[in-house]
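Same order as they appear, the protein sequences are chains A and B.
Residues in the first sequence are numbered consecutively from 1, following my numbering.
Residues in the second sequence are numbered consecutively from 267, following my numbering.
Don't be surprised by glycine CBs; every beta carbon is placed ideally from N, CA and C.
Structure, as structure tokens:
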Amino acid sequence: MVVAMVVVIAARDAAVNAPALSTRGLNKRFGSLVVARDIEFALPQGARYALVGPNGAGKTTLINLITGMLQPDEGRIFLGEDEITSSRPEQRVKRGLVRTFQINTLFPHLSVLEAVTLAVCERRGHGGAWLRRLPAYRDAIDEAYGILGSLMLGNQCYRLTRELAYGQQRLLEIALALATKPRVLLLDEPAAGVPREESAELFTAISSLSQHISVLFIEHDMDIVFRFASRIIVMVGGRILVEGTPGEIAADERVREVYLGKRGHG
Amino acid sequence: MSAALEGLAERYLHLERPTRWRKSEIAFWIATLLPFFLFESYLSLASQVAITALFALSLDLILGYAGIVSLGHAAFFGLGAYAAGLIAKHGWGEPLSGLVMAAALAGVVGYAASFIIARFRHLALIMITLGLGLLLYEAANSASWLTGGADGLQGVRMWPLLGYFKFDLFGFTAYTYSLAVLFLVFLVARRLIHSPFGLSLRGIRENPVRMPAIGAPSHAHIRKIYSISAVMAGMAGALLAQTTSTVSLEALGFQRSADVLVILILGGAGRLYGGILGAIIYMVARDQFSGVNPQYWYFWIGLLLIAVVTLLPNGILGGLAQWTSRWSSRWSSSSRRGTPP
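Structure, rendered in structure tokens:
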């Protein structure tokens with residue numbers, strides 16, 4: 001009886017403590033070029049992790065592997081306790097693993113509200129419904145409108161996506177991801193191309209996301225990284241060089257050499 | 267207070283406004299009745315126009331909305347035509363049930379093909395659809411015991427429509443029948459493009475990479491719209507077989523696939539009415555010009571196609587829409603300037 005209770009509690013603890021996202025021995029090569037080598041990391045529930053490294057280190061490749069846009073040669077990927085290594089990209093999104101793109105990957109000729117409503121409808125399973133007109137789905141529209149409002153896009157939502165200012169398009173990237181109700185959010189340079197003062201604003205919005213969402217973001221600006229990340233993963237040449245708190249990373253000699261050295265004092 | 271209420275409703279209105287019936291639409295559908303009074307000797311041509319418009323509408327759903335190029339859409343047109351013709355030839359001349367059966371057959375074949383279609387894009391897709399068209403053409407050509415081969419399918423005898431309206435020489439029943447089917451299918455297509463599914467199709471057209479990243483099953487969507495489009499194309503083919511009481515190999519031909527693409531691009535893809543307008547212009551012009559000099563007919567079509575694509579990238583209808591919006595904004599800004607502050 002007591003043993004059984006202990007087992008139940010242990011199992012529950014395991015479920016609570018299981019990382020939101022983890023990988024084991026992830027490998028990928030294109031011909032002779034190794035783009036991912038034995039990648040192992042775990043993203044805890046509610047964490048805010050940064051993924052940094054010089055250009056070509058394999059950061060975006062890693063996101064492509066995790067989200068299923070590329071298939072790894074070896075290794076396994078887990079979302080919570082479930083293995084998702086062979087799931088299709090849209091199935092991973094349905095289970096809560098969602099990404100944004102470094103280069104705007106939006107719907108140019110849809111209005112901002114249409115685009116987010118599209119994502120909400122797909123999540124709610126209305127994507128194939130064609131007997132009722134779109135305006136009849138008021139709950140979905142309200143939800144989309146709410147997401148846009150929370151990202152300060154409320155007054156832009158009737159414009160075509162292609163007419164938005166660049167910084168607003170970066171916000172829409174995140175709005176589309178949020179519309180899928182992610183549990184794990186992978187942000188590929190969310191502030192790419194955004195002026196420095198605006199990028200801090202954008203990261204304030206990201207860090208104020210619900211604690212139910214675990215976030216892994218790629219970012220080059222080390223000030224931003226040190227300010228917003230609880231832990232930092234440094235990648236070089238397709239492998240994880242080191243992982244640690246901002247303090248540990250700042251003090252790490254190897255990181256200084258290969259990354260901060262080049263960027264900070266080069 | 268009222269401003270706040272308006273602000274509340276605006277998000278619904280923004281999505282509701284494009285779904286409203288415009289006056290020009292209603293005027294257009296009333297105008298489709300004009301041939302009954304004004305061009306009675308052209309009712310057969312009008313029927314062919316309506317059939318071609320239905321065919322172009324079916325292509326618009328996949329090309330204009332989902333961005334799926336097809337250079338072999340006549341495959342489904344021809345399937346519908348031969349199915350309807352064969353059903354009537356072998357003893358069941360009832361038009362409506364024949365239409366449904368022919369459409370169903372085209373839909374089943376379209377569904378089977380859609381599993382290949384959904385996996386490809388761009389040039390590969392053009393080649394696959396082209397191949398599909400050629401495949402069916404030669405199959406029908408070689409199966410002459412069934413289809414009549416190059417001589418065409420003869421001996422199609424239709425019963426009166428609804429048991430009462432005989433298919434007459436002047437095309438009165440034919441045009442009524444074709445127009446009614448076109449209108450009903452148009453209503454379905456119109457509802458479809460204004461639904462969440464229609465929005466998802468536009469999403470696929472706008473960015474096929476982003477769709478899976480928001481959890482959308484693009485392949486399932488493409489399979490669905492391709493099957494629906496095949497059903498509609500099959501209906502168009504069945505209408506042609508039933509109203510002309512014959513089916514020729516040309517119903518499956520590459521020329522027909524190319525023509526319907528030209529018609530849709532001329533009229534303007536992704537606008538529902540583009541294919542219909544294109545069909546009217548194309549069919550009437552062909553009827554008129556080919557009487558003058560049939561050899562050079564495609565010279566003029568080629569010229570028109572180049573002119574439209576270079577000058578009006580969104581087709582004639584897209585150009586018209588742009589022109590009227592520019593005209594109306596100029597008019598309103600000049601009228602504002604006219605009023606003293």
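- [ ] Figure out for me which residue from B:V447, B:W563 and B:L389 has the closest Cα to the Cα of L365 of chain B.
- [x] B:V447
- [ ] Express the C-alpha separation of G193 of chain A and T180 of chain A in angstroms, rounding to a whole number.
- [x] 25 Å
Open item on the list: Would S591 of chain B pass as an interface residue toward chain A - the criterion being a Cβ-Cβ separation below 8 Å?
Closed with: No, S591 of chain B does not count as interfacial toward chain A.
TODO: Measure the alpha-carbon distance for A368 of chain B versus F431 of chain B and round it to whole angstroms.
DONE: 21 Å
TODO: Report, in whole angstroms, the separation of the C-beta atoms of E219 of chain A and A50 of chain A, which I expect to be a contact under 8 Å.
DONE: With a contact defined as Cβ atoms closer than 8 Å, E219 of chain A and A50 of chain A qualify at about 6 Å.
TODO: Taking T105 of chain A as the query, report the chain B residues whose CB atoms sit under 9 Å from its CB, ordered along the chain.
DONE: Contacts between T105 of chain A and chain B, judged by CB atoms closer than 9 Å, involve N473, V475, R476 and A479 in chain order.
TODO: Give a yes or no on whether 8 Å exceeds the smallest Cβ distance from H265 of chain A to chain B.
DONE: Its pLDDT being 43, under 50, H265 of chain A is placed unreliably by the model, and the measurement read from it follows with that caveat. Taking Cβ atoms only, chain B never reaches closer than 8 Å to H265 of chain A, which makes this a no.
Task: Residues near Y548 of chain B by beta carbon distance below 6 Å, same chain, minus five either side - done: I529
TODO: Tell whether a beta-carbon distance below 8 Å holds between L26 of chain A and G75 of chain A.
DONE: yes
Open item on the list: Extract the residue ranges of the alpha helix (DSSP H) inside the segment 340-426 of chain B, only unbroken runs of 4 or more that lie entirely within it.
Closed with: If we require 4 residues or more, the alpha helix (DSSP H) runs fully inside the segment 340-426 of chain B come out as 340-355, 361-383, 388-408 and 410-413.
- [ ] Check the Cβ-Cβ distances between P483 of chain B and every residue of chain A, and say whether any is below 8 Å.
- [x] Taking Cβ atoms only, chain A reaches closer than 8 Å to P483 of chain B, which makes this a yes.
TODO: Decide if E253 of chain A is buried, meaning its Cβ has at least 16 other Cβ atoms within 10 Å, or exposed.
DONE: exposed
Open item on the list: Quick check on the DSSP output: the alpha helix (DSSP H) that includes S324 of chain B runs from which residue to which?
Closed with: L309 to D326
Open item on the list: Please tell me whether V120 of chain A and Q156 of chain A are closer than 8 Å, where the distance is taken between their beta carbons.
Closed with: no
Task: Per-residue DSSP class, three states only, for L538 of chain B - done: coil
- [ ] Would you mind telling me which residues of chain B sit closer than 7 Å to T60 of chain A, beta carbon to beta carbon, in chain order?
- [x] In chain order: nothing, as chain B lies at least about 13 Å away.
TODO: Please list the partners that S150 of chain A has in chain B, where partner means a Cβ-to-Cβ separation under 9 Å.
DONE: In chain order: nothing, as chain B lies at least about 15 Å away.
Open item on the list: Is it buried or exposed, I141 of chain A, if we count other Cβ atoms within 10 angstroms and call 16 or more buried?
Closed with: buried
- [ ] With DSSP collapsed to three states, give me the class of D525 of chain B.
- [x] helix
- [ ] Step through the CB atoms of chain B and report whether any lies within less than 8 Å of the CB of L164 of chain A.
- [x] no
Task: D553 of chain B - DSSP class collapsed to helix/strand/coil - done: helix
- [ ] Name, please, each residue of chain A whose Cβ falls closer than 8 Å to the Cβ of A486 of chain B.
- [x] G128
TODO: Can you have a look at E173 of chain A and say buried or exposed, based on whether 16 or more other CB atoms are within 10 angstroms of its CB?
DONE: buried
- [ ] Verify whether the separation of the beta carbon atoms of I213 of chain A and L241 of chain A is less than 8 Å.
- [x] no
TODO: Can you grab the Cα-Cα spacing for the pair L389 of chain B / V335 of chain B, in whole Å?
DONE: 9 Å
TODO: Please classify V575 of chain B: is it buried, with 16 or more other beta-carbons within 10 angstroms of its beta-carbon, or exposed?
DONE: exposed
Open item on the list: To the nearest angstrom, how far is the alpha carbon of T23 of chain A from that of V35 of chain A?
Closed with: 15 Å
- [ ] Work out the CA separation of A175 of chain A and D38 of chain A for me, nearest whole Å.
- [x] 32 Å
Open item on the list: Using CA atoms only, rank isn't needed, just tell me which of B:A455, B:L427 and B:A479 is closest to R123 of chain A.
Closed with: Closest by alpha carbon: B:A479.
Open item on the list: As a quick exercise: from B:M477, B:G519, B:L577 and B:R288, pick the residue whose alpha carbon is nearest that of T105 of chain A.
Closed with: B:M477
Open item on the list: Would you say H109 of chain A lies against chain B (beta-carbon separation less than 8 Å)?
Closed with: Taking Cβ atoms only, chain B reaches closer than 8 Å to H109 of chain A, which makes this a yes.
TODO: Using a Cβ cut-off of 8 Å (strictly closer), state whether T85 of chain A contacts chain B.
DONE: no
Open item on the list: I need the straight-line Cα distance from L187 of chain A to V93 of chain A, nearest angstrom please.
Closed with: 14 Å
Task: 7 Å CB neighbourhood of E201 of chain A in its chain, flanking five on each side removed - done: For E201 of chain A, where only same-chain residues beyond five positions count, there are no Cβ hits under 7 Å.
TODO: Please name the residue in A:V255, A:L178 and A:E189 whose C-alpha comes closest to that of G167 of chain A.
DONE: A:E189
- [ ] Assign T61 of chain A to one of three DSSP states: helix, strand, or coil.
- [x] helix
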